[in-house]
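The sequence shown begins at 62 in the numbering used here and counts up one residue at a time.
All C-beta atoms in this analysis are idealised placements derived from N, C-alpha and C, irrespective of residue type, glycine included.
A short write-up of the structure that comes next.
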Amino acid sequence: AAQGGHDLVARTLLEAGASLHVTSKENFTMLMASSLGGLVSVVEQVLPHFDVNAVVVANHPSQAGYSALMYASMNGHTECVRSILKAGGNSNVRATQGATALSLARENRHSSICAILESHHA
62 AAQGGHDLVA RTLLEAGASL HVTSKENFTM LMASSLGGLV SVVEQVLPHF DVNAVVVANH
122 PSQAGYSALM YASMNGHTEC VRSILKAGGN SNVRATQGAT ALSLARENRH SSICAILESH
182 HA
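Written out as C-alpha cells, the structure reads:
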C-alpha cells in the first residue's frame, strides 16, 4: 500500500497492527516504501513504532542498496527527508554503486533537498 502511494490504506493497515518488520521480496521495508511514495504521514507514523534505533531502521538497505533517505531524496520528498533525518537517518550511507542521498538528489535536480542534506553534513 505504501509503495503504491496509498496513504490511507497504509495508515489503516498500521492502525490494525500490520507488522512493520515484514519486507517485500525486493527487501523493501514499510519505511522505504512510504519514503519512495512520499507518504510523510506514514513515514512519521512508522518511525516511532520501532524499538530499534531509528538510524538502523532508516538505513536498512533495499536490494539496490538504497536507504529510505535515498528514496525520499531521489524522488523529491522534502518532508520525508526531514522526518528521516530528524529520526537519525545517516545521510552519508553509500549504496552498492556508491550513490548517497545527496548525489541522488543532485542527479534528480532537487535543490531544496540538496540544501537540507548539505546543512545536515552530507
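Asn-169 and Thr-161 do not touch by the CB rule: their CB atoms are close to 13 Å apart, not below 8 Å. In summary, Thr-90 is buried, with 16 or more beta-carbon neighbours lying within 10 Å of its beta-carbon over all protein chains present. Per the coordinates, the alpha-carbon of His-181 lies some 32 Å from the alpha-carbon of Ala-79. Rounded to whole angstroms, the gap between the alpha carbons of Gly-150 and Thr-73 is 25 Å. Annotation note: the segment 118 to 181 contains the following uninterrupted alpha helix (DSSP H) runs of length 4 or greater, listed N- to C-terminal: 129 to 135, 139 to 147, 162 to 168 and 172 to 180.
With respect to the C-alpha of Ser-95, the residue from His-138, His-171 and Ala-166 having the closest C-alpha is His-138. In the three-state scheme derived from DSSP, where H, G and I count as helix and E and B as strand, Thr-73 is classed as helix. DSSP places Gly-99 outside both helix and strand once states are collapsed to three, so it counts as coil.
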